[in-house]
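First the structure, in the form of structure tokens, and then the observations on it.
2 protein chains.
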Amino acid sequence: MYAAASLDTWTRRRLSSKTLRMVMKLYDGRMSWNGRKVRLLAAELGLELERVALDFRQGDYRAPAYLAKNPNGKIPTLEDGDFVLWESHAILKYLAAKKPERALVPADARGAALVDQWLFWWTSGVETGLNLLLVERMIKPFLGKPGRDASIIAEAQALLDRFLPILDAQLEAREYVLGDLTVVDFAMGAQLDVASMLEVPLERYAHIQAWLERMRAKPYWKDA
Amino acid sequence: MYAAASLDTWTRRRLSSKTLRMVMKLYDGRMSWNGRKVRLLAAELGLELERVALDFRQGDYRAPAYLAKNPNGKIPTLEDGDFVLWESHAILKYLAAKKPERALVPADARGAALVDQWLFWWTSGVETGLNLLLVERMIKPFLGKPGRDASIIAEAQALLDRFLPILDAQLEAREYVLGDLTVVDFAMGAQLDVASMLEVPLERYAHIQAWLERMRAKPYWKDA
């Protein structure tokens, strides 16, 4: 009787941990740096994510069931129970809010605003440049299109040359972009980690390089 | 004696309203749509801003005193006492947080995350396309450079053709982008308001057009 009651309690606990806790799902690509931003942050926060790896080449991004979650046909998408969220930077902030004690988005209005400032600065500047290079140097050639358009590559390079020195100066006297570690470091780190693949040399940015080495030294960096 | 005391009180009140309230400053351009996003939201919220109009042609964006506030040499920049903030979308959210009762950024985690989602979606997609067109069709010709590069214009047009239909579908059954009015409507509205100047026709997007007319009907829209 006692044993049965215990077992029952244990079974109920196990069931409720599966159904009520509802592990969040991350719809993710195989090689996506945007998905990796989220996986790295989840590892830092110790948050469990069930990863659903979509294959671009198999048309998974354009499957009706996926487009119903994310009409852009892009990854990543986060599913938290009945709540669906896309855009990697929005997902980073949403996950950080699950562990407010870690303050990877600071709680005060000014700190939170500076996280937004650097994320939007990144999205509109450096990331736009990196995305243009990704498309011209890797995606278009992969899809059998010519790519490597000189005007677009020059435009992308101009964005990097204009904005990377500002990040380098910001990191001169800081361990992380805002001083303490925040979600901003994950957004930027996952992308700059593979900059050399896009023929973007970081040699002239000594402070960015030193910061990137600090990010790469995180115990989960290689596997996330 | 009574009159003197009253005057003294009145004088002290007047002084403290000037020095302690510290009106926020907005460093802004003459024709900037990013500055206008902030001015429109401030008008909606009834927040007073002291506008400092910088002139691009006079080199104001590159003046050392301004670069010390915003190393990007871009506008707008907000100054709130000793706190300096750039990137228009970060500024929109920071101002909305001054009037939490208006909920132009919702207080709940999911609503706040959806504001982020749509702002980052806008920044990386449609806004990138509009910025590329602005540079090619207006800024480069204005500066005496050829501009109007066919590859870049095609890239920009592809971004608009991919992402504007998603906004149009989102607005089909909603009064504003998230349903209720949020900062997202100001970010998008200030830019789509002048899309025709960049030869971006919105005729095929009926729901975007209807929403834009709702924004344009705000009493402060023309003057902000």
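Chains as they are written, first to last, in the numbering used here: chain A, 1 to 224; chain B, 1001 to 1224. Every residue, glycine too, gets a C-beta built ideally from N, C-alpha and C. Remember, predicted model here, so these are calculated numbers, not experimental data.
Top-ranked residue by Cα proximity to residue i, from the options
i	options	result
residue 1184 of chain B	B/1146, B/1089, B/1107 and B/1073	B/1089
residue 193 of chain A	A/104, A/214, A/46 and A/179	A/214
residue 165 of chain A	A/142, A/149, A/132 and A/125	A/125
residue 39 of chain A	A/100, A/78, A/59 and A/152	A/78
residue 1156 of chain B	B/1114, B/1179, B/1187 and B/1200	B/1200
residue 91 of chain A	B/1116, B/1103, B/1083 and B/1041	B/1116
residue 1154 of chain B	B/1167, B/1113, B/1137 and B/1169	B/1137
residue 23 of chain A	A/219, A/187 and A/48	A/48
residue 168 of chain A	A/150, A/122, A/60 and A/33	A/122
residue 58 of chain A	A/211, A/173, A/181 and A/30	A/30
residue 102 of chain A	A/205, A/182 and A/210	A/182
residue 1032 of chain B	B/1152, B/1130, B/1069 and B/1162	B/1130
residue 161 of chain A	A/179, A/118 and A/205	A/205
residue 85 of chain A	B/1158, B/1120 and B/1203	B/1120
residue 175 of chain A	A/148, A/149 and A/212	A/212
residue 159 of chain A	B/1072, B/1063 and B/1217	B/1072
residue 1111 of chain B	B/1177, B/1218 and B/1188	B/1177
Rounded straight-line distance, which links the Cα of residue j to that of residue i
i	j	result
residue 140 of chain A	residue 75 of chain A	18 angstroms
residue 98 of chain A	residue 1108 of chain B	12 angstroms
residue 1081 of chain B	residue 197 of chain A	43 angstroms
residue 1056 of chain B	residue 1143 of chain B	11 angstroms
residue 53 of chain A	residue 35 of chain A	10 angstroms
residue 1127 of chain B	residue 146 of chain A	26 angstroms
residue 3 of chain A	residue 208 of chain A	Residue placement at residue 3 of chain A cannot be trusted, given a pLDDT of 45 that sits under 50; the coordinates are not used to answer.
residue 1190 of chain B	residue 1220 of chain B	12 angstroms
residue 1043 of chain B	residue 1027 of chain B	16 angstroms
residue 1068 of chain B	residue 1051 of chain B	18 angstroms
residue 151 of chain A	residue 163 of chain A	19 angstroms
residue 179 of chain A	residue 25 of chain A	31 angstroms
residue 1222 of chain B	residue 1045 of chain B	16 angstroms
residue 1172 of chain B	residue 1202 of chain B	15 angstroms
residue 66 of chain A	residue 83 of chain A	14 angstroms
residue 1105 of chain B	residue 1041 of chain B	12 angstroms
residue 95 of chain A	residue 1094 of chain B	20 angstroms
residue 148 of chain A	residue 87 of chain A	26 angstroms
residue 62 of chain A	residue 1070 of chain B	41 angstroms
residue 1224 of chain B	residue 135 of chain A	38 angstroms
residue 1132 of chain B	residue 1060 of chain B	23 angstroms
residue 216 of chain A	residue 1195 of chain B	43 angstroms
Element boundaries [beta strand (DSSP E), containing residue i]
i	result
residue 24 of chain A	24 to 29
residue 1077 of chain B	1077 to 1080
residue 1084 of chain B	1083 to 1086
Chain A within 8 angstroms of residue i, Cβ atoms only
i	result
residue 1124 of chain B	yes
residue 1116 of chain B	yes
residue 1057 of chain B	no
residue 1075 of chain B	no
residue 1113 of chain B	yes
residue 1110 of chain B	yes
Continuous alpha helix (DSSP H) stretch holding residue i: start and end
i	result
residue 1052 of chain B	It is not in any alpha helix (DSSP H) - residue 1052 of chain B instead sits in the beta strand (DSSP E) that spans 1049 to 1054.
residue 180 of chain A	Taken as a continuous stretch (DSSP letters only), residue 180 of chain A belongs to no alpha helix (DSSP H), as it is neither H nor E.
residue 64 of chain A	64 to 69
residue 1152 of chain B	1150 to 1170
residue 44 of chain A	33 to 45
residue 216 of chain A	206 to 216
residue 1116 of chain B	1109 to 1124
C-beta neighbour in chain B for residue i, strict 8 angstroms
i	result
residue 37 of chain A	no
residue 128 of chain A	yes
residue 120 of chain A	yes
residue 102 of chain A	no
residue 169 of chain A	yes
residue 211 of chain A	no
Any non-hydrogen atom of the ligand NAP closer than 7 angstroms to residue i Cβ
i	result
residue 1118 of chain B	The ligand NAP is absent from the structure shown, which contains no ligand whatsoever.
Residues of the segment 132 to 161 of chain A with Cβ closer than 7 angstroms to any Cβ of chain B, in chain order: 149, 151, 152 and 155
For the segment 176 to 208 of chain A, list every residue whose C-beta sits within 7 angstroms of some C-beta in chain B, in sequence order. Answer set for the segment 176 to 208 of chain A: empty.
Note down, in chain order, all residues in the segment 84 to 96 of chain A with a beta-carbon under 7 angstroms from any beta-carbon belonging to chain B. 85, 86, 87, 89, 90, 93 and 94
For the segment 1059 to 1072 of chain B, which residues have a CB atom closer than 8 angstroms to at least one CB atom of chain A, in sequence order? 1071 and 1072
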